[in-house]
Every structure is written in C-alpha cells, then in structure tokens.
C-alpha cells in the first residue's frame with residue numbers, strides 16, 4: 002500500500018476537470034492585454050456604464066491619451082508611482098491602464114480615505130501625480146505643493162455617461178465643475194489634448210502596481226507587484242472558472258482592492274469580455290444589470306449578497322444568465338448560500354488571498370466547492386500549514402499558519418526593509434510568504450480558516466488594522482491611550498470598537514460621541530470606530546503592553562451571554 006499523500010498535495014484529487022496544474026504566463030506587460038483585446042474586438046463593448054456602451058477601441062485610445070499627458074505634461078517616467086484615488090468607473094479603468102502605459106506604477110487608494118490618511122500614501126510612495134474625481138478633490142487639495150503632489154488630474158464621472166442615465170447615482174450624474182488650482186488638469190482637457198505616449202518600455206518583471214496594506218505597525222505598507230504577478234492572478238482567475246470573451250462580468254467590487262482589481266477588471270480585459278461597472282453598490286441596480294446585460298460572472302462579498310437577496314420583489318426576476326458567483330474576504334453564511342442556490346441553482350465559490358498575493362492563492366474547485374472554506378491552492382501555488390514557531394509542516398487536521406510560495410506573491414514591501422525580513426521565510430530552498438492566518442487542511446486537501454496570528458478586524462470583508470486606527474486616534478488631543486478591538490456585529494460580522502483613556506484635563510469636557518464624530522471626519526468610514534467606550538485605564542502586562550487580546554475576548558464573551 003502506498004503512503005498517503007502529504008497534506009499539501011491531497012487537493013489534486015479534486016482538481017477542476019480539464020485544467021492543467023501548471024499555467025504558462027504571458028511574458029508581456031499588463032497593458033498588452035488591452036492592446037490585444039482592442040485589436041481582436043475593437044468595436045465590442047468593454048464597459049457598460051449606466052446605459053452607455055464603451056468599446057475596447059475607445060478604452061485603448063483614452064488610456065494612450067492619458068499616458069501621453071502623464072509623460073509629456075506631468076513628467077512621469079518609468080517606475081514612478083502615480084496615485085489612483087476614485088471609485089469604480091470607466092475613468093478608473095482608463096487611468097490604471099494609462100498609468101502602466103506611461104511605464105509607471107499604479108498606487109490604488111481607497112476612495113473612502115480622508116486627507117490625513119492620504120498624506121501617508123503620498124509621502125511613502127513618493128508619488129507627485131494623482132488621478133482623482135472631482136468630489137474627492139477637496140481631500141487632495143491640501144496635499145498639493147508642500148504636501149508632495151505637483152499634478153492632479155481631476156475626472157468627472159458624468160463625462161462617461163450618455164445624456165440620460167436614470168439609474169446612475171447622484172454622484173455619477175453631477176455635472177463637470179470648472180475646477181482650478183495649482184497643478185490641476187481636467188480629465189476632459191487631457192482627453193482633448195490627445196498627446197501621444199512614448200514607447201512602452203516595461204515588461205513582466207517591472208513593477209506594475211503597489212496596493213497598500215497595513216499591519217501591526219499601524220502605517221500602511223506598499224506591496225510591490227510586477228506585471229507578472231498581476232498577470233498571474235488575472236489569467237489564473239479566467240482559466241480557473243473557464244471564462245471567455247463572451248462573458249459579461251458584474252464589476253461592482255471596488256477596483257482599488259486586489260480582489261475586484263484582478264477578478265472584475267484585469268481578468269475580463271485579458272479575456273476580451275464585457276464589464277458592467279457600477280460606481281456604488283446598489284442592489285436594484287445590480288439586479289437590473291444582471292437582467293438587461295445577461296451577466297454571467299458576479300464576484301461578490303457576503304454583505305453584498307445578503308443585501309441583494311433581501312431586496313423586495315426579487316422572486317420571479319430573471320437571474321438565469323448567471324453562471325459563476327464567486328468571492329471571498331469573509332465566509333458566506335450558510336443560510337445565505339442556500340438562498341442563493343435556491344434562486345439561481347449556483348453554489349457560491351469562495352476563495353482566499355491578500356494584497357501581498359494580488360488576490361487569490363486559494364479558490365474552491367467550481368465543480369466541488371465547500372461552504373465556509375478558503376478553497377484549494379490554485380495553479381503553481383505551494384501552500385503549507387506550518388507551526389508558527391518552528392515552521393515545521395503540520396499534518397492534515399492540525400491548525401497552523403498558512404505560508405505560500407507562488408508566482409502571484411509580491412516582490413516585497415516598498416518599505417521599511419525590516420518588514421520583508423518578518424514577512425518571508427525560506428523553506429526547502431524556496432521563499433515563502435507568512436500570511437499570519439491560522440488554518441487547517443481537511444482530508445480532501447481543502448483549507449479552512451481557524452484564527453489569526455495577526456491582529457486584524459474583518460468588517461464586511463474590509464481588513465481593518467487596529468494599530469493604524471489607534472495611531473490615528475492618538476492625533477486627537479484628548480486621547481491619552483487607546484486600544485482598538487473587534488466587536489461582534491450581526492451585519493458586518495465584526496465592527497470596530499475603541500476603548501479610550503482620556504487625558505485628565507479633558508475628562509468631563511470630551512465624551513464618546515465627540516470622539517466618534519472626530520474619528521469619522523478623519524478616517525475612512527469602514528475603518529472609523531462604530532463604538533467608543535471611555536475607560537479609566539487599560540489592562541497591561543508586566544512590561545507595560547496593553548493586553549488587547551484580553552479585551553477582545555472579554556468583548557466576545559459578553560456578546561454571547
């Protein structure tokens with residue numbers, strides 16, 4: 002009798018039928034994908050946007066014009082970082098590909114971030130140019146000049162609409178403003194100037210994009226991804242689900258996040274498929290999009306699906322075009338997955354990844370998904386469960402840390418250098434990324450999340466790093482000490498709670514409501530505490546460290562009683 006397969010190889014018995022285990026990747030820049038699709042399908046709709054159809058030819062031409070402006074007017078050169086700070090829109094798509102066409106590196110920024118948060122992205126990345134919509138320009142303006150920014154390209158979402166767009170949100174329908182200021186150029190003027198870009202010089206091993214992730218230190222860190230690592234996730238996602246140029250994607254997950262970026266933008270463009278882009282989540286708009294445009298692929302998160310299935314009048318609506326419903330970020334509740342199956346006949350296919358891996362390293366086999374499961378390692382991913390202290394590989398069933406070696410893993414953090422020393426470990430002559438997530442492998446080789454080594458809150462699929470929120474809270478003059486924990490929330494799964502000790506001189510004059518209001522003015526909405534509790538002191542260890550885990554466990558115990 003042969004010996005049983007190692008835990009990390011058991012999933013091959015359930016590999017998607019007809020799929021190779023190894024995926025040969027294109028040796029090109031990401032921009033070449035847009036060029037190829039525009040050459041193959043020039044008049045095919047690349048983007049449906051609230052009633053307007055935008056062809057691949059139009060997207061390519063606009064990206065080249067933006068690239069020409071970035072190079073010729075803004076002085077953007079090879080390897081320079083350019084911030085992209087807006088919501089899903091045709092301009093977002095054009096901006097990403099325009100920046101890489103200028104041989105530069107895209108730094109996607111969450112549009113919910115405020116000026117104080119944005120300041121770190123500017124200073125840390127060294128970017129001097131930003132692409133921003135007109136509604137967010139007030140957040141950017143204080144950073145122009147001495148703040149580090151020299152050039153601001155300001156877009157108006159309404160410029161991408163046809164005359165009538167009744168289902169577009171008010172933000173999208175807002176007319177163009179004649180904004181002026183140091184370094185400001187209107188998107189419409191950039192398109193009209195039609196500057197030609199210089200040669201495309203970047204290839205698979207050049208930096209392509211630098212999404213930021215935070216961690217225990219509090220300051221967000223840039224994850225340096227090459228065209229190759231981005232291409233890996235884009236091509237792999239299309240192949241894993243067997244999609245083609247005739248698919249229609251509902252692109253509503255935020256593009257600034259690696260999940261939406263790879264699965265709902267880069268994948269469709271590589272395939273030559275069509276994207277139905279929504280700037281903001283709206284369950285009725287999503288329903289109309291699925292019906293009218295015969296959407297076949299929808300990448301979602303649990304809170305989005307819960308809201309979609311709860312809308313009145315859904316019974317009897319036509320969802321028959323859907324072929325794939327996939328996602329991740331947080332486990333899909335079983336009752337919601339069952340309701341989706343009842344209405345569509347489709348099983349929700351979950352995956353697992355992170356900014357450091359340009360989205361998924363694990364996805365459930367589409368033909369055999371398991372609920373509340375991270376999935377199995379995808380093409381060319383070596384994923385193991387190891388003892389966090391010894392790094393020895395553990396057998397199936399035992400809980401340990403997920404470590405991954407894969408082509409979609411980042412080159413490293415932009416800075417500081419010591420962050421990479423903590424993030425990577427050598428095993429069997431290969432460089433593995435430590436995820437900080439604890440999981441186990443079942444008898445079939447599927448991965449299941451168990452806990453976290455790292456201190457992180459998962460609020461509706463958004464990762465919130467307590468150290469970062471604490472660092473922002475300390476900017477308030479009344480805050481002496483702060484500890485941020487995750488509190489149970491029936492809708493978001495977890496929500497952000499802060500326990501705060503006030504400085505003596507502010508006690509009696511500053512209350513929790515005032516701190517909450519201040520936090521929402523200075524932090525992104527998903528990150529700002531929903532609950533603030535004023536306390537006299539925080540529990541500490543003998544070395545003076547705040548015992549955050551004790552406070553965390555106490556919070557969850559009280560919720561259960």
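In the working numbering, the protein residues as written are 2 to 562. All residues carry an ideal CB built from backbone N, CA and C; glycine is no exception.
For residue i, the residue or residues it bridges with in DSSP
{"i": "residue 414", "result": "224"}
{"i": "residue 489", "result": "495"}
{"i": "residue 353", "result": "363"}
{"i": "residue 384", "result": "405"}
{"i": "residue 252", "result": "278"}
{"i": "residue 378", "result": "363"}
{"i": "residue 531", "result": "BP columns for residue 531 are empty, so no partner."}
{"i": "residue 464", "result": "459"}
{"i": "residue 130", "result": "83 and 152"}
{"i": "residue 484", "result": "500"}
{"i": "residue 328", "result": "301 and 351"}
{"i": "residue 213", "result": "223"}
{"i": "residue 425", "result": "434"}
{"i": "residue 394", "result": "387"}
{"i": "residue 229", "result": "Per DSSP, none; premise fails for residue 229."}
{"i": "residue 508", "result": "511"}
{"i": "residue 546", "result": "Residue 546 pairs with nothing; no bridge assigned."}
{"i": "residue 541", "result": "547"}
First through last residue of the beta strand (DSSP E) which encompasses residue i
{"i": "residue 515", "result": "No beta strand (DSSP E) holds residue 515; the alpha helix (DSSP H) holding it covers 513-523."}
{"i": "residue 299", "result": "298-301"}
{"i": "residue 447", "result": "Here residue 447 belongs to no beta strand (DSSP E), and DSSP marks it neither H nor E."}
{"i": "residue 433", "result": "431-442"}
{"i": "residue 210", "result": "208-210"}
{"i": "residue 109", "result": "106-109"}
Residue i, enclosing alpha helix (DSSP H) - first and last residue
{"i": "residue 116", "result": "116-126"}
{"i": "residue 559", "result": "549-561"}
{"i": "residue 345", "result": "335-345"}
{"i": "residue 84", "result": "Residue 84 -> not in any alpha helix (DSSP H); beta strand (DSSP E) instead, spanning 82-85."}
{"i": "residue 99", "result": "91-102"}
{"i": "residue 140", "result": "138-141"}
{"i": "residue 271", "result": "268-272"}
{"i": "residue 260", "result": "259-262"}
{"i": "residue 476", "result": "Careful: residue 476 lies outside any alpha helix (DSSP H) and carries neither H nor E."}
{"i": "residue 295", "result": "Per DSSP, residue 295 belongs to no alpha helix (DSSP H) and is neither H nor E."}
8 angstroms contact criterion, which residue i and residue j should meet: CB distance rounded
{"i": "residue 150", "j": "residue 116", "result": "With a Cβ gap of about 11 angstroms, residue 150 and residue 116 do not count as contacting."}
{"i": "residue 280", "j": "residue 173", "result": "5 angstroms"}
{"i": "residue 107", "j": "residue 101", "result": "6 angstroms"}
{"i": "residue 138", "j": "residue 155", "result": "5 angstroms"}
{"i": "residue 1", "j": "residue 497", "result": "Not covered by the structure: residue 1. The range shown for the chain is 2 to 562."}
{"i": "residue 414", "j": "residue 463", "result": "With a Cβ gap of about 20 angstroms, residue 414 and residue 463 do not count as contacting."}
{"i": "residue 152", "j": "residue 184", "result": "5 angstroms"}
{"i": "residue 41", "j": "residue 329", "result": "Not a contact, Cβ separation roughly 30 angstroms."}
{"i": "residue 377", "j": "residue 401", "result": "No, residue 377 and residue 401 are not in contact; Cβ-Cβ is about 17 angstroms, not under 8 angstroms."}
{"i": "residue 95", "j": "residue 60", "result": "6 angstroms"}
{"i": "residue 133", "j": "residue 86", "result": "5 angstroms"}
{"i": "residue 538", "j": "residue 511", "result": "Contact flag wrong, Cβ pair sits at about 17 angstroms."}
{"i": "residue 243", "j": "residue 254", "result": "Wrong, their Cβ atoms sit about 20 angstroms apart, outside the cutoff."}
{"i": "residue 1", "j": "residue 514", "result": "Nothing about residue 1 can be read from this structure; the chain reaches only from 2 to 562."}
{"i": "residue 38", "j": "residue 228", "result": "Wrong, their Cβ atoms sit about 16 angstroms apart, outside the cutoff."}
{"i": "residue 338", "j": "residue 349", "result": "5 angstroms"}
{"i": "residue 368", "j": "residue 18", "result": "6 angstroms"}
is_contact[residue i, chain D] using C-beta, thresh 9 angstroms
{"i": "residue 189", "result": "Considering every chain present, this structure includes no chain D. It has just one protein chain."}
Any non-hydrogen atom of the ligand HEM closer than 8 angstroms to residue i Cβ
{"i": "residue 179", "result": "The ligand HEM is absent from the structure shown, which contains no ligands of any kind."}
message = Going residue by residue through the region 153-197, where are the continuous beta strand (DSSP E) segments of at least 3 residues, counting only ones entirely within it?
response = 185-187
message = Check whether the region 160-171 and the region 132-147 are in contact - that is, three or more C-beta pairs closer than 8 angstroms.
response = no
key: Three CB pairs or more closer than 8 angstroms across the region 445-452 and the region 463-471   = no
request  = Return the chain-ordered ranges of every alpha helix (DSSP H) run that is complete within the region 20-64 and spans a minimum of 4 residues.
outcome  = 32-41
inquiry  = With three or more C-beta pairs closer than 8 angstroms as the rule, is the region 402-419 touching the region 433-448?
reply    = yes
query = Would you call the region 353-367 and the region 232-250 in contact, with 3 or more CB pairs under 8 angstroms?
reply = yes
ask   = Per the contact definition of three or more C-beta pairs closer than 8 angstroms, is the region 292-307 in contact with the region 243-253?
value = yes
ask   = Touch check for the region 75-93 and the region 47-60: three-plus C-beta pairs under 8 angstroms?
value = yes
query = Do the region 72-85 and the region 488-497 make contact, defined as three or more Cβ pairs closer than 8 angstroms?
reply = no
ask   = Can you find at least 3 beta carbon pairs, one from the region 196-208 and one from the region 69-77, that sit closer than 8 angstroms?
value = yes
query = If you pair each beta-carbon of the region 276-291 with each one of the region 361-381, do three or more pairs fall below 8 angstroms?
reply = no
ask   = Can we say the region 394-401 touches the region 361-381, given the rule of at least three CB pairs closer than 8 angstroms?
value = no
task = Check whether the region 485-492 touches the region 552-562, taking contact to mean three or more Cβ pairs, one atom from each stretch, closer than 8 angstroms.
result = yes
message = Does the contact criterion of 3 or more C-beta pairs under 8 angstroms hold for the region 297-310 versus the region 318-334?
response = yes
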